[in-house]
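Have a look at the structure below before the remarks.
In my numbering, the protein residues as written are 20 to 341.
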């Protein structure tokens with residue numbers, strides 16, 4: 020009992036309780052949103068999994084078409100999301116599950132530990148060991164009998180496209196690679212020495228407001244993104260043509276599908292060592308979008324409809340064993 024002359028215990032300020040209640044509500048909303056996100060992914064046929072690597076549970080999604088025989092290793096396409104992205108979002112962006120059903124491959128969609136892959140830029144060098152994680156994920160899926168180790172491909176967009184190039188530099192695991200709106204990081208180019216030729220196809224845009232076509236620093240907005248220096252589109256393609264010991268370049272303009280202010284020139288480098296050709300779709304007037312499937316926005320620029328980036332990548336992969 021409180022003595023009549025003693026002061027009453029101080030009451031907690033109402034503002035503090037309001038902030039606490041608001042924090043609880045936001046946390047509950049976050050968990051509810053995460054649960055709904057996982058439910059939507061499951062509804063789309065994506066199986067969520069985790070792999071313990073480097074002392075952390077790393078996340079990934081897997082899509083295996085129902086028509087693939089159980090217990091039979093299948094070709095796999097690793098799809099690498101862009102900065103600030105995730106596996107579910109890039110699955111929708113690329114429509115990879117539709118193509119997996121049609122062509123009969125497993126889609127593997129790993130997720131970065133934070134907002135950016137450790138893709139070879141100096142600005143991402145302190146991030147997680149993503150080369151190790153993706154290699155360990157391939158090993159895990161091979162051990163389960165899900166994936167054929169001789170037919171593993173990778174397609175990445177933006178930060179994911181640079182990560183795909185790093186995998187081509189640092190591992191001998193990939194049968195072919197596709198890089199969408201992703202020049203080669205300058206720091207990666209200085210040290211990259213692939214163990215063997217890697218077939219690679221690029222989709223790079225001349226009016227990209229984020230990935231500088233002529234080289235320089237990747238654009239960041241209000242602190243979002245990692246920035247960092249990249250080589251020009253021409254230097255990037257030439258690097259891989261030299262690494263694969265390719266012959267002369269041949270170029271041709273693709274037919275315009277729609278009048279969207281863009282057009283596409285296809286550059287082919289063939290007669291390469293071990294058949295590891297290099298192909299470059301130069302999207303003139305295009306922006307930082309997934310070709311054929313993206314939407315034009317003031318932030319990303321014009322999305323060309325003159326080439327389907329997913330279809331063209333998979334056509335390239337099929338020529339190399341998919």
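Yeah, the Cβ is synthetic: ideal placement off N, Cα and C, and Gly gets one too.
Relative to the C-alpha of residue i, which candidate in the options has its C-alpha closest?
| i | options | result |
| --- | --- | --- |
| residue 259 | 67, 217, 277 and 283 | 217 |
| residue 300 | 233, 243, 176 and 287 | 287 |
| residue 208 | 253, 115, 88 and 74 | 253 |
| residue 88 | 107, 124 and 178 | 124 |
| residue 81 | 270, 126, 268 and 169 | 126 |
| residue 192 | 166, 101, 198 and 102 | 166 |
| residue 229 | 131, 317 and 335 | 317 |
| residue 91 | 232, 102, 70 and 161 | 161 |
| residue 262 | 329, 341, 213 and 183 | 213 |
| residue 111 | 334, 341 and 329 | 329 |
| residue 255 | 71, 159, 335 and 188 | 188 |
Do residue j and residue i come within 8 Å of each other at the CB atom, strictly closer than that value?
| i | j | result |
| --- | --- | --- |
| residue 222 | residue 249 | no |
| residue 181 | residue 210 | no |
| residue 332 | residue 220 | yes |
| residue 129 | residue 97 | yes |
| residue 236 | residue 247 | yes |
| residue 164 | residue 99 | no |
| residue 176 | residue 109 | yes |
| residue 8 | residue 224 | Since the first and last residues shown for the chain are 20 and 341, residue 8 lies out of range. |
| residue 68 | residue 79 | yes |
| residue 171 | residue 95 | yes |
| residue 266 | residue 289 | yes |
| residue 264 | residue 298 | no |
Let's test the definition: count the other Cβ atoms within 10 Å of the Cβ of residue i and tell me whether it reaches 16, buried, or not, exposed.
| i | result |
| --- | --- |
| residue 302 | buried |
| residue 240 | exposed |
| residue 77 | buried |
| residue 185 | buried |
| residue 104 | buried |
| residue 83 | buried |
| residue 205 | buried |
| residue 75 | exposed |
| residue 137 | buried |
| residue 202 | buried |
Closer than 8 Å by C-beta to residue i: which residues in its own chain qualify, once you throw out the five before and the five after it? Chain order, please.
| i | result |
| --- | --- |
| residue 62 | A caution first: residue 62 carries a pLDDT of 45, below 50, which makes its placement in the model too unreliable to give a value. |
| residue 73 | 147, 148, 151 and 152 |
| residue 133 | 146 and 147 |
Can you find the residues in the same chain that come closer than 7 Å, C-beta to C-beta, to residue i, ignoring five residues on each side of it along the sequence?
| i | result |
| --- | --- |
| residue 327 | 310, 311 and 312 |
| residue 324 | 276, 277, 279 and 311 |
| residue 190 | 150 and 154 |
| residue 57 | Low confidence applies to residue 57: its pLDDT is 45, below 50, so where it sits in the model is not reliable enough to give any reading. |
| residue 135 | 102, 143, 146, 178 and 245 |
Short of 6 Å in beta carbon distance, which residues of its chain neighbour residue i, apart from the five on each side in sequence? Order them along the chain.
| i | result |
| --- | --- |
| residue 117 | none |
| residue 119 | 82, 84 and 126 |
| residue 145 | none |
| residue 115 | 98 and 126 |
| residue 315 | 321 and 322 |
Ordered list of beta strand (DSSP E) runs contained in the region 236–298, each at least 3 residues: Counting whole runs of 3 or more residues, the region 236–298 contains the beta strand (DSSP E) stretches 268–272 and 282–288.
Ignoring anything shorter than 3 residues, give me the beta strand (DSSP E) runs that lie fully in the region 66–152, in order along the chain. Listed in chain order, the complete beta strand (DSSP E) runs (minimum 3 residues) inside the region 66–152 are 66–72, 75–82, 93–99 and 125–129.
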